[in-house]
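This report concerns only the one structure given below.
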Amino acid sequence: CAGVSHDGRIVVTGAEDGLVCVWRVSKDGPRGTRRLRLEKALCAHTAKVTCLRVSQPYMMIASGSDDCTVIIWDLSSLSFVRQLPDFPVPISAIYINDLTGEIATAAGTVLAVWSINGDCLAVANTSQLPSDSVLSVTGSTSSDWLETSWYVTGHQSGAVK
Numbered sequence: 002c003a004g005v006s007h008d009g010r011i012v013v014t015g016a017e018d019g020l021v022c023v024w025r026v027s028k029d030g031p032r033g034t035r036r037l038r039l040e041k042a043l044c045a046h047t048a049k050v051t052c053l054r055v056s057q058p059y060m061m062i063a064s065g066s067d068d069c070t071v072i073i074w075d076l077s078s079l080s081f082v083r084q085l086p087d088f089p090v091p092i093s094a095i096y097i098n099d100l101t102g103e104i105a106t107a108a109g110t111v112l113a114v115w116s117i118n119g120d121c122l123a124v125a126n127t128s129q130l131p132s133d134s135v136l137s138v139t140g141s142t143s144s145d146w147l148e149t150s151w152y153v154t155g156h157q158s159g160a161v162k
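Below, the structure is given as structure tokens:
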């Protein structure tokens, strides 16, 4: 899995061995060829990284793994910030709301929303069918006309909720 910063200067990749690698994108030569330079490999996961998200406004990276953990990293110092409480199943999707800093995580059929400080704000079971896992999650980035954030999930069955 991979994520890119809004300005396109940072690429973050997740690996089979649990590493989260942060790459700096630079332009070289007269043609402006883009090159990736490894900034740092971040270690905390013990299994494959399944999803990640980069948030430049909140200067954080969130990574999810088959080890049933979500790790929050500082994008400035490239260091560990916190681990969210363990999940019962592997993490399948992560979304960071760049307006509020809220972090949405999907594990199996469960969608959870966390504050930037790691406090659980909401938990919802998105399906009655255990096999209908959440594969993706996104949400509102503007609340000019809404007082609350909303999230959309894509499921194994093809359903969008």
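Residues 2 to 162 (my numbering) are what the sequence shown spells out, left to right.
Yeah, the Cβ is synthetic: ideal placement off N, Cα and C, and Gly gets one too.
Under DSSP, the beta-bridge partners assigned to Arg25 are Ile11, Arg38. Secondary structure note for Trp151: it is in no beta strand (DSSP E), with a DSSP letter that is neither H nor E. With a 10 Å radius around the Cβ and a threshold of 16 neighbouring Cβ atoms, Arg25 comes out exposed. Taking the Cα of Cys44 as reference, the smallest distance to any Cα among Thr149, Asp29, Ala123, Arg83 is reached at Arg83. Restricting attention to alpha helix (DSSP H) runs no shorter than 4 residues, the stretch 75-116 encloses none.
Counting only residues of its own chain and dropping the five nearest sequence neighbours on each side, Ala3 has a CB closer than 8 Å to the CB of Val12, Val13, Thr14, Gly15, Leu53. Scanning its chain for C-beta atoms nearer than 7 Å, with the 5 sequence neighbours on each side dropped, one finds around Thr110 the residues Asn126, Thr127, Ser128, Pro131, Asp133, Ser134, Val135, in chain order. Excluding five sequence positions before and after Val90, the CB atoms of its chain that fall closer than 7 Å to its own CB belong to Cys69, Ala108, Gly109, given in chain order.
The Cβ atoms of Tyr59 and Gly102 sit closer than 8 Å to each other. Straight-line measurement puts the Cα of Ala63 at about 10 Å from the Cα of Leu76. Pairing Thr139 with Val161 gives a Cβ-Cβ distance that is not under 8 Å. Rounded to whole angstroms, the gap between the alpha carbons of Gly155 and Ala113 is 14 Å.
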